[in-house]
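Residue numbers (the working numbering): 36 to 231. C-beta atoms are modelled at their ideal positions from N, C-alpha and C, and glycine is treated no differently. Quick caveat, the model's predicted, so the values are computed rather than measured. Structure first, then comments.
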């Protein structure tokens, strides 16, 4: 079964919705993940799987993705996705729990480029270059951490959530697609169940 997703929504789901926060700036060990706000003082611990962190600026909620290995790619699908191969992510990272909303984009950028309007809808109709400006501004406003897009491997690892196969039966509970909506527009974030 093939799913139709508007190009703008797909771009946002694969990029902005997945802000990664892998390391603290200045004075921290390279590659060290930032601790969630409830980390015990004086004790060096890695956040637990799906531990939450909320970026104060723009209220961006992030979840901890622990390091691990998975099979990346697929036998069938888009060109460049085959053959499947094992990938190991040696460092954990924080990942956006939701796509960046229009309200969050507006707070950082001062305008809303989206065609489908709503504060809690994902921002869309933005280019890769505009996303880089957004990240640069976010990093300037919040200097404690380095915000960036996730790598393709980080995104796929998080999206797979420890699974090896597609679970088409669960897809309706977790995602909007052509099979469960007649509406080819973006939808409010956080309505569907998380994948993990």
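Kindly identify the DSSP beta-bridge partner or partners of residue i.
i	result
residue 118	According to DSSP, residue 118 bridges with nothing at all.
residue 104	123
State the DSSP-derived secondary structure class of residue i, mapped to helix, strand or coil.
i	result
residue 172	helix
residue 184	coil
residue 156	coil
residue 151	coil
residue 166	helix
residue 220	coil
residue 189	helix
residue 196	coil
residue 66	Unreliable placement is indicated for residue 66, whose pLDDT of 35 sits below 50; no coordinate value is reported for it.
Counting along the chain, where does the alpha helix (DSSP H) carrying residue i start and finish?
i	result
residue 138	137–144
residue 207	203–209
Which value, in whole angstroms, describes the spacing of the CA atoms of residue i and residue j?
i	j	result
residue 139	residue 96	11 angstroms
residue 204	residue 118	25 angstroms
residue 167	residue 206	30 angstroms
residue 132	residue 214	24 angstroms
residue 241	residue 199	The shown model of the chain, from 36 to 231, leaves out residue 241, and the question about it has no answer.
residue 236	residue 184	The question about residue 236 has no answer here: the residues shown for the chain are numbered 36 through 231.
residue 227	residue 157	14 angstroms
residue 99	residue 231	12 angstroms
residue 197	residue 104	9 angstroms
> Are three or more beta carbon pairs between the region 140–150 and the region 124–131 nearer than 8 angstroms?
Replying inline: no
>> Below 8 angstroms, how does it come out for the region 189–200 and the region 102–121: are there three or more Cβ pairs, yes or no?
In response: yes
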